[in-house]
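Visitor:
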Amino acid sequence: MPAISLGFWHNFGDDKPLENQRAIMRRAFDRGVTHFDLANNYGPPAGSAERNVGTILREDFRGLRDELIISSKAGWRMQPGPYGFGGSRKYLMASLDASLEHLGLDYVDIFYHHRPDPDTPLEETMYALRDIVASGKALYVGISSYSADLTAEAAEIMREEGCPLLIHQPSYSIVNRWVEEPDDSGDNLLTSAADNGLGVIAFSPLAQGLLTDRYLDGIPEGSRAASDKSLSKEMLSDRNLGMVRELKKLADSRGQTVAQLALAWVLRRQGEYGEKTVTSALVGASSVEQLDQNLDTLENLEFTDDELATIDRVTSDAGINIWGAATRSKHVGE
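If you read the sequence shown in UniProt numbering, its first letter stands for residue 1, the second for the next number, and so on.
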């Protein structure tokens with residue numbers, strides 16, 4: 001899996017030009033990004049990102065399927081009723097069938113349960129993932145936004161079934177470090193994932209755009225914050241923007257943008273704990289230029305101890321939680 005992977009949460013719905021999406025995907029592949037990450041609810045409208053990617057795969061990537069790692073997920077609400085969301089066998093299997101139809105594929109490389117479902121027994125969810133692999137519709141399965149203890153429990157179930165979980169996809173960034181914090185079990189997610197043989201692929205490493213210089217001079221028209229979607233205006237407080245300005249000073253001294261600094265920080269965990277590491281960071285892109293800038297991060301992933309200490313000092317009280325550890329005691333995002 002590449003160190004930086006391309007996510008399709010934003011910018012690949014029917015509200016964006018298909019030709020721009022095509023250019024981004026082609027450029028990503030040309031620069032070694034072979035992992036494309038989707039979900040059944042990506043758009044807008046929900047499902048349109050998979051359909052648009054399916055069109056581009058068919059027209060531009062014919063003969064390259066074996067070189068791609070394509071993932072999708074299911075878990076968030078797609079329709080009314082008890083089987084329109086969650087972790088039931090019925091919902092997961094139906095969702096994957098729909099995703100494969102949208103993508104025009106026979107299988108995905110990775111299929112994730114998108115978030116825990118406290119109303120469905122964990123065994124039912126894991127057995128559904130097991131059977132999905134057995135059916136050949138996914139080569140591997142993973143989980144997203146599970147807490148450390150729930151990750152360990154899910155991994156144990158799957159080991160017993162002879163179908164180990166491959167990967168965990170949590171939110172993780174300089175200002176959102178819940179994966180490092182011990183939960184009720186006394187473990188943290190990075191340790192739990194490593195101990196159970198799961199890779200970690202971080203989503204929202206740029207905190208939905210907060211960790212860029214885009215908002216330092218106001219909220220641009222057409223931005224995520226302008227529409228108050230995944231980046232709320234409340235997150236762009238004077239305090240948070242002051243923090244970003246301090247990070248920009250450090251980024252400038254390293255010859256990087258704020259976004260590159262933030263991505264490098266997430267990826268710098270590779271090797272810090274041996275196997276307890278981040279495998280890949282997911283980035284979105286609204287243009288080829290933005291994609292190139294993100295990928296140029298890989299030219300400088302090293303930090304001095306003083307630089308890391310500065311980052312910790314500047315962000316120690318950030319307290320920003322973008323889809324943190326989900327638990328079995330409540331729904332997240334409903």
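Built from N, CA and C at the ideal position, the CB exists for glycine as well.
Could you tell me the alpha carbon to alpha carbon distance between Phe303 and Asp213, rounded to whole angstroms?
Guide: Spanning the two alpha carbons is a distance of roughly 20 Å.
Visitor: Are the Cβ atoms of Val266 and Ala285 separated by less than 8 Å?
Guide: Contact flag unset, no.
Visitor: Between Val108 and Leu100, what straight-line distance do the alpha-carbon atoms span, to the nearest angstrom?
Guide: When rounded, the distance between both Cα atoms is 7 Å.
Visitor: Please give me, in chain order, every unbroken run of the beta strand (DSSP E) with length at least 3 that falls completely inside the region 84–128.
Guide: Listed in chain order, they are 108–113.
Visitor: What are the uninterrupted segments assigned as beta strand (DSSP E) that are 3 or more residues long and contained completely in the region 22–86, given in chain order?
Guide: The qualifying runs are 35–37 and 69–74.
Visitor: According to DSSP, simplified to helix, strand and coil, what is Gly274?
Guide: Annotation note: pLDDT 47 at Gly274 (below 50); position unreliable, coordinate value reported separately. In this structure, Gly274 counts as strand in the three-state DSSP scheme.
Visitor: Return yes when the Cβ of Glu160 is within less than 8 Å of the Cβ of Gly103, no when it is not.
Guide: In the sequence as presented, Gly is not what sits at residue 103; that position holds Leu. Cβ distance not < 8 Å, so Leu103 and Glu160 don't count as in contact.
Visitor: Using 8 Å as the threshold, is the region 240–250 in touch with the region 176–189, meaning 3 or more CB pairs across them?
Guide: Counting Cβ pairs under 8 Å, fewer than three are found: no touch.
Visitor: By DSSP, does Ile132 sit in helix, in strand, or in coil?
Guide: Here Ile132 sits in helix by DSSP.
Visitor: As a quick exercise: from Leu68, Pro45, Ile143 and Asp149, pick the residue whose alpha carbon is nearest that of Leu165.
Guide: Nearest of Leu68, Pro45, Ile143 and Asp149 to Leu165, Cα basis: Ile143.
Visitor: Within 8 Å, do at least three Cβ pairs link the region 8–17 to the region 78–91?
Guide: No: the two stretches stay apart, fewer than three of their Cβ pairs being nearer than 8 Å.
Visitor: Determine the DSSP secondary structure at Ile157, reduced to helix, strand or coil.
Guide: Three-state DSSP puts Ile157 in a helix.
Visitor: With DSSP run on the structure shown, which of helix, strand or coil describes Ile4?
Guide: Ile4: strand per DSSP, three-state reduction.
Visitor: What does DSSP give as the partner residue(s) for Ser237 in the beta ladder?
Guide: Per DSSP, none; premise fails for Ser237.
Visitor: Which of the three DSSP states is assigned to Ser144 in this structure?
Guide: Strand at Ser144.
Visitor: On the CB-based measure, 16 or more other CB atoms within 10 Å of its CB, does Thr315 come out buried or exposed?
Guide: Thr315 should be labelled buried.
Visitor: Identify whether Gly242 lies in helix, strand or coil by the three-state DSSP scheme.
Guide: If DSSP states are grouped into helix, strand and coil, Gly242 belongs with the helices.
Visitor: Quick check: what's the CA-CA separation for Asp14 versus Ser71?
Guide: Roughly 20 Å separates the two Cα atoms.
Visitor: For the beta strand (DSSP E) that contains Ala281, what are its first and last residues?
Guide: Its beta strand (DSSP E) spans residues Ser280 to Val283.
Visitor: Which of the three DSSP states is assigned to Ser171 in this structure?
Guide: In the structure shown, Ser171 sits in a strand (DSSP, three-state: E or B).
Visitor: On the three-pair Cβ rule with 8 Å, is the region 106–123 touching the region 65–79?
Guide: As far as the Cβ criterion goes, the region 106–123 touches the region 65–79, which means the pair count is three or higher.
Visitor: I'd like the list of long-range same chain contacts for Asp119, defined as Cβ closer than 7 Å, with 5 residues on each side in sequence excluded.
Guide: Gly86.
Visitor: Using alpha carbons as the reference points, say which of Ile56, Arg31 and Ala39 lies closest to Asn20.
Guide: Comparing Cα-Cα distances from Asn20 to each of Ile56, Arg31 and Ala39, the minimum goes to Ile56.
Visitor: Between the Cα of Gln79 and the Cα atoms of Glu67, Arg65, Asp66 and Ala94, which residue gives the shortest distance?
Guide: Among Glu67, Arg65, Asp66 and Ala94, the Cα nearest to that of Gln79 is on Ala94.
Visitor: Return the CA-CA distance between Gly197 and Ile167, expressed in angstroms with no decimal places.
Guide: Gly197 and Ile167: Cα-Cα distance of roughly 8 Å.
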